[in-house]
Amino acid sequence: MNNDHVFRFHVNGHPVEAQAPPMQRLLDVLRDTLLLTGTKNGCGRGNCGACTVIVNGQAVSACLTPVVQLEGADVQTVENLSDHDCLNSLQQSFLECGGTQCGSCTPGILMAATAHLRRGGGTNTEELREMLAGNLCRCTGYIKIIESMQQAAAAK
Amino acid sequence: MKTTESALGKSVLRREGAAKLRGDAQFIDDLPRDGAWFAGTVRAKVPHARLLGVRRDERFDWDRVVLITAADIPGENVVPVVLRDQPSLAEDFIRYHGQPVALVAAPDQETLALALESISVLTSPLPPVFDIDESLEAKTIIFGEDNVFRTVEINKGDATAALQTADVVIEGEHHTGAQEHAYLEPQGMQAEWTGDGITIRGSMQCPYYLVKAVAELLDLPQEKILVIPHLTGGAFGGKDDFPTMLGGHAALLAWKTRKTVRLIYERGEDMRFTSKRHPARIRHRTGFTHDGQLVGMQVEMVLNGGAYGTMSPLVISRAAIHAAGPYQCDNIHISARVVATNHPPSGAFRGFGAPQALFAVDAHLDYCASQLGVDPLELRRKNLIRRNGTQATGQNVGDDASAGEVLERALQESDFVARREAYAEFNREAESRRGADRFPRRGIGLSLFMHGTGLSGYEEVFFHSGVALHGNADGSITALTSQVEVGQGTRTIVAQLAAEGLGIPVEYVLTEQPDTNQHPDSGPMASRTATIIGGLLITAGKRFRAEVERRQGSLLPDPLVFRATVAKLVAGGERLEVREHYSPPPEMRWDEEKHQGDAYPAYTWSCCVAALEVDTLTGEVAVLDVTAVQDVGKVVNPMFAAGQVQGGVAQGLGWALLENVVWKNGVMQNANLADYSIPTAMDLPPIRAVFLEHPQHRAPHGAKGLGELPMEGPAPAVVNALRSALGIHFRRVPVTPEIILPAWEARNLE
Ligand code: FES
Ligand code: FES
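From first to last, the protein sequence lines are chains A and B.
128 is the number of the first residue of the first sequence in the numbering used here; add one for each residue after it.
159 is the number of the first residue of the second sequence in the numbering used here; add one for each residue after it.
(1) Closest Cβ-Cβ distance between Glu-424/B and chain A: below 8 Å?
(2) Please report the distance separating the alpha-carbon of Thr-323/B from that of Gly-315/B.
(3) Compute the minimum distance between the beta carbon of Cys-170/A and the heavy atoms of ligand 1, and state whether it is under 7 Å.
(4) If we require 4 or more residues per run, which alpha helix (DSSP H) segments fall completely within the stretch 155-238 of chain A?
(5) Are the beta-carbon atoms of Thr-204/A and Thr-166/A separated by less than 8 Å?
(6) Could you please give me the residues that DSSP links to Asp-789/B through a beta bridge?
(7) Is Pro-868/B helix, strand or coil when you go by DSSP?
(8) Can you check which of these residues, Pro-872/B, Ala-760/B, Glu-583/B, is closest to Lys-792/B by C-alpha distance?
(9) Is there at least one Cβ from chain A nearer than 8 Å to Ile-651/B's Cβ?
(10) Identify which residue in Arg-217/B, Ala-248/B, Asp-221/B, Arg-214/B has its Cα closest to the Cα of Ala-228/B.
(11) Looking only at its own chain, which residues have a Cβ that is under 6 Å from the Cβ of Ile-490/B, when we skip the five neighbours before and after it?
(12) So the candidates are Trp-195/B, Gln-710/B, His-677/B; which of them puts its Cα closest to the Cα of Arg-416/B?
(13) Roughly how many whole angstroms lie between the Cα atoms of Leu-384/B and Ala-373/B?
(14) Got a sec: is the Cβ-Cβ distance from Glu-257/A to anything in chain B below 8 Å?
(15) Taking 7 Å as the cut-off, is the C-beta of Cys-149/B nearer than that to any heavy atom in ligand 1?
(16) Which residues bound the beta strand (DSSP E) around Phe-288/B?
(17) Return yes when the C-beta of Ala-189/A is under 7 Å from any heavy atom of ligand 1, and no when it is not.
(18) For Lys-271/A and chain B, any beta-carbon pair shorter than 8 Å?
(19) With DSSP collapsed to three states, give me the class of Met-429/B.
(20) Less than 7 Å separating the Cβ of Cys-229/A from some heavy atom of ligand 1?
(21) So, for Ala-559/B: in the same chain, excluding its five sequence neighbours on each side, which residues have a beta-carbon less than 8 Å away from its beta-carbon?
(22) Run down chain A in chain order and give the residues with a C-beta less than 7 Å from the C-beta of Gly-801/B.
(23) Going by the C-beta, is Ala-653/B closer than 7 Å to any heavy atom of ligand 1?
(24) Taking 8 Å as the threshold (beta carbon to beta carbon), is Arg-245/A in contact with chain B?
(25) Who pairs with Tyr-616/B in a beta bridge, going by DSSP?
(26) Does Met-128/A have its Cβ less than 8 Å from a Cβ in chain B?
(27) Going along chain B in order, which residues have a C-beta closer than 7 Å to the C-beta of Ala-282/A?
(28) Measuring CB atoms only, is the stretch 879-896 of chain B touching the stretch 765-784 of chain B, in the sense that at least three cross pairs come out at less than 8 Å?
(29) Contact check, Ile-300/B vs Val-287/B under 8 Å by CB: the rounded distance?
(30) Would you mind giving the Cβ-Cβ distance between Glu-343/B and Gly-405/B, rounded to the nearest angstrom? I have them listed as a contact below 8 Å.
(31) Compare the C-beta of Met-797/B with all C-beta atoms of chain A and state if any pair is closer than 8 Å.
(32) Helix, strand or coil: how does DSSP classify Pro-895/B here?
(33) CB-CB under 6 Å to Ala-657/B, same chain, minus the five flanking residues each way: which ones, in chain order?
(34) In angstroms, rounded to a whole number, what distance separates the CA positions of Arg-538/B and Gln-363/B?
(35) What residues in its chain sit with their C-beta under 8 Å from that of Phe-702/B, if we drop five residues either side in the sequence?
(36) For His-255/B versus Asn-823/B, is the C-beta spacing smaller than 8 Å?
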């Protein structure tokens, strides 16, 4: 008994054909099938934001996104941010400002921030706090994450 | 000729930072699956019972999986932490809901899930004990003869007599709740059978605990056990003792299956069944003269240790030593007990017992000031420990005495006095309006506290921590410790500290992922890396340099020349390695039995100020800002140090205001990250970290411990600020809107 379907979409610019049951989570496709383990599983229930990726320009929780919703979609993960080893300006700011500590929340926060900044979202502290509300970080108290984003935005 | 500029005090960038930011840093759940089997845990579903056995549903084909119960354990069925009371798998009794009874490994997740559904645990229930008083009554015995894991008594002078003659005696009882670590990466281990031994990789703080534990469990020599702690996605003490159990489980399955086995908890399982911060009840009786001079303190503290001893005997020691706070009093009696209940075992958590003790004493003192009609700032100024003062164990702190300075600095940095007055005016204004009860109130409060550096008393001697420096063929030097990178920046600061001793640029020092073959046991974390391990690294670095210069026959101040010389010596077949082990400063004295003497080589002193606004319609608290001032001796990496303070304050605010573990029959009911709320970016205020650097003389570079300290300040500061806002003294954290609102409404009925 196999209810697998084939779903076609793009991940980080590459075409992907995923054979999976329709309700399979994007998180599992990314981590287990495509071996893109940068996207983290912090809770599996949409509560922590560690699995945040960008789908068609929107930040979404990969643990809540079934593959059936992805037909034709453009998915971007943390692995797509840097050019080989070279960090992009947002990543570089996180490195310089101390925006990553243990790193579990980091990929999700980078993707949420990327979607926000690309959209031209506001970068004052209140706006960034609101944008980050769905991404938990237990290490930093968010201060240096916000500073990192502001430094990156200012450099633009 | 160039010499090397010191890397201490520089914000050297995080070594593994780029990998974390690119998404290619590997955590345990990111390892390739490569035929690894999946594992799960069969758990008891009652809090207290006699274990009768497990029943396997015969409709399931058990040949497809491997099942292990206590009877299959080849060595000793124990999780050795401090006591040896906890079995790896339950044998005769169930002591908490969720206790592991059996383990299953299967080739895929579906088979594993089916197997776990096809097995049940047979028990015959016993009456459970959940709270401290029930445990102390000892009608039902869970541990030993009286349910007490350990009692620590500390006596200084004669507290009873002092309280009899005091002008005023003020009593207070405070409570603190359980707290979930909520590291973003859940617990996980992968174990592999290597033919004649086991390799375990995982998320953990203390790889050497696991070597000893697994050797006993499998009855294998310790040399056959290799432990590799991976990059660990947050720990906070939650990955100190608990992985000793989890790693043992993974190892048992690897041994039985002769395969690689992954045992990764999902979030709910992690929250329900791993350790929490010890809940506490702390009673104070405190004597003063009329003008607020502290003359006697009695502290009676009980911590809820849960079902097994884990780290409790050490937690209660640190809690007791910190119970009188940073205050000078000649007559102190502290009685501290940690008791057994049918909750999951409590364990190590940032602060290790000190946060509970410090919350109670500082909230109580602030309350005492209000009862005495004295300004709480004056009460603290009058009673804080000064130069050559003595704390509760009789330790003379010498000139390591910055309590007064951190207090004054925090007042100044936070503009405390002016803001207190402004908020009082704000509140008077609210009082004068129609429907006064509905308008918000503001308050500002502070806490004064200290945290002992390193392990308590003799523990540091017991661990005999070691570090090593090793010269490489390219002239670089590898620094070897077993300190794990959990986010605090260990890999980077170990390199900074070694470079300082060696007198070379930090880039010449390599730091790697530790493993227990190559890397010496440098003990647990416990705010020790920058100070205790740092001291060893600096000493080792100096010896290493001296050795290279001796072999070369000349001084080598130029770092390039030094590097070339190391390369040449190594290429010539010489082995360049220096090891350094901890030995306690010879003048330190400690009586473990009486808990008297020099409890710690130094203390980190701190003052935390919190300003807040209370919505009196909802009872919700918005923290406006926090200022944390601390004397850490020497800041090794300013960016990391500020990050530790901000993260610690955030965790402390969570404990103070939000994080409420809801128990029912010994099971956490809100075991997910939506219903158990840790602070989000919206909940947190600006947090300012201010550092004083008065070097301690027992470390070559002067650094004191930092990691745990910052979480200790917010809870008392918040409760004190709430009293300044509402005129109500809250005696419990977390102090949630469900507590604040009724108290506010009741106040208005009076
Ligand atoms: S793993 Fe998706 S939100 Fe937590
Ligand atoms: S850096 Fe550890 S959770 Fe954010």
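Yeah, the Cβ is synthetic: ideal placement off N, Cα and C, and Gly gets one too.
The relevant details are as follows:
(1) Within the second sequence, residue 424/B is the residue found at index 266, counting from 1. Closer than 8 Å to some Cβ of chain A, the Cβ of Glu-424/B qualifies, so yes.
(2) Taking the second sequence and counting its residues from 1, one reaches residue 323/B at position 165. Taking the second sequence and counting its residues from 1, one reaches residue 315/B at position 157. C-alpha separation (whole angstroms): 14 Å.
(3) Residue numbering aside, residue 170/A sits at position 43 when the first sequence is read from its first letter. Cys-170/A: yes, Cβ under 7 Å from ligand 1.
(4) 216-224
(5) Numbered from 1 along the first sequence, position 77 holds the residue referred to as residue 204/A. Numbered from 1 along the first sequence, position 39 holds the residue referred to as residue 166/A. Against a cut-off of 8 Å, the Cβ pair of Thr-166/A and Thr-204/A comes out as a contact.
(6) By one-based count along the second sequence, residue 789/B stands at place 631. Answer is Trp-763/B, Leu-850/B.
(7) Walking along the second sequence from the start, residue 868/B turns up at place 710. Helix, per DSSP.
(8) Mapped onto the second sequence, residue 792/B falls at position 634. Among Pro-872/B, Ala-760/B, Glu-583/B, the Cα nearest to that of Lys-792/B is on Ala-760/B.
(9) Taking the second sequence and counting its residues from 1, the one referred to as residue 651/B is at position 493. Cβ-Cβ to chain A under 8 Å: no for Ile-651/B.
(10) Your numbering for residue 228/B matches position 70 in the second sequence. Closest option to Ala-228/B, Cα to Cα, is Ala-248/B.
(11) Sequence index remark: in the second sequence, residue 490/B carries index 332 (1-based). Result list for Ile-490/B: Lys-314, Ala-317, Met-455, Ala-482, Ala-550, in chain order.
(12) Locating residue 416/B in the second sequence gives position 258, counting from the first residue. Among Trp-195/B, Gln-710/B, His-677/B, the Cα nearest to that of Arg-416/B is on Trp-195/B.
(13) As a position in the second sequence, residue 384/B is number 226, starting the count at 1. As a position in the second sequence, residue 373/B is number 215, starting the count at 1. So the two alpha carbons sit approximately 10 Å from each other.
(14) Translated into the one-based positions of the first sequence, residue 257/A becomes position 130. At least one chain B Cβ lies under 8 Å of Glu-257/A.
(15) Within the shown structure, residues of chain B are numbered from 159 to 908, placing residue 149/B beyond reach of any answer.
(16) The residue you call residue 288/B lines up with position 130 of the second sequence. Here Phe-288/B belongs to no beta strand (DSSP E), and DSSP marks it neither H nor E.
(17) Here residue 189/A refers to the residue found at position 62 of the first sequence. Yes, since a heavy atom of ligand 1 falls inside the 7 Å radius drawn around the Cβ of Ala-189/A.
(18) Sequence index remark: in the first sequence, residue 271/A carries index 144 (1-based). Answer yes: the Cβ-Cβ gap between Lys-271/A and chain B drops below 8 Å somewhere.
(19) Here residue 429/B refers to the residue found at position 271 of the second sequence. Of the three classes helix, strand and coil, the one that applies to Met-429/B here is helix, per DSSP.
(20) As a first step, residue 229/A is located in the first sequence; it is residue number 102 there, counting from the start. Answer for Cys-229/A: no, Cβ out of range of ligand 1.
(21) On the second sequence, residue 559/B is found 401 positions in, with the first residue counted as 1. Cβ within range, chain order: Ile-543, Arg-544, Arg-545, Asn-546, Gly-547, Trp-763.
(22) Counting from one through the second sequence, the residue named residue 801/B turns up at place 643. Near Gly-801/B (Cβ distances below 7 Å), the residues of chain A are Gly-225, Gln-228, Thr-267, Lys-271.
(23) Taking the first residue of the second sequence as 1, we reach residue 653/B at position 495. Result no, Cβ not under 7 Å from ligand 1.
(24) Translated into positions along the first sequence, residue 245/A becomes position 118. By this cut-off, Arg-245/A is not an interface position.
(25) Here residue 616/B refers to the residue found at position 458 of the second sequence. BP columns for Tyr-616/B are empty, so no partner.
(26) Along the first sequence, read from residue 1 onward, the residue named residue 128/A stands at position 1. In this prediction, Met-128/A scores a pLDDT of 46, lower than 50, which makes its location untrustworthy; the coordinate-derived value is nonetheless stated afterwards. By this cut-off, Met-128/A is not an interface position.
(27) Stepping through the first sequence from its first residue, residue 282/A is reached at position 155. Under the 7 Å cutoff, chain B gives no residues; its nearest Cβ is about 16 Å from Ala-282/A.
(28) yes
(29) Counted from its first residue, the second sequence places residue 300/B at position 142. Counted from its first residue, the second sequence places residue 287/B at position 129. About 6 Å; that satisfies the 8 Å criterion.
(30) Translated into positions along the second sequence, residue 343/B becomes position 185. Translated into positions along the second sequence, residue 405/B becomes position 247. About 15 Å separates the two Cβ atoms, so there is no contact after all.
(31) Within the second sequence, residue 797/B is the residue found at index 639, counting from 1. Chain A contact via Cβ: present.
(32) For the purposes of this step, residue 895/B is taken as residue 737 along the second sequence, with counting starting at 1. Three-state result, Pro-895/B: helix.
(33) Translated into positions along the second sequence, residue 657/B becomes position 499. The residues are Ala-165, Val-664, Val-667.
(34) For the purposes of this step, residue 538/B is taken as residue 380 along the second sequence, with counting starting at 1. For the purposes of this step, residue 363/B is taken as residue 205 along the second sequence, with counting starting at 1. Arg-538/B and Gln-363/B: Cα-Cα distance of roughly 37 Å.
(35) Reading the second sequence from its first residue, position 544 is the one you call residue 702/B. Around Phe-702/B: Leu-627, Gly-629, Ile-635, Gly-659, Leu-660, Leu-734, Val-736.
(36) Along the second sequence, read from residue 1 onward, the residue named residue 255/B stands at position 97. Along the second sequence, read from residue 1 onward, the residue named residue 823/B stands at position 665. Cβ distance < 8 Å, so His-255/B and Asn-823/B count as in contact.
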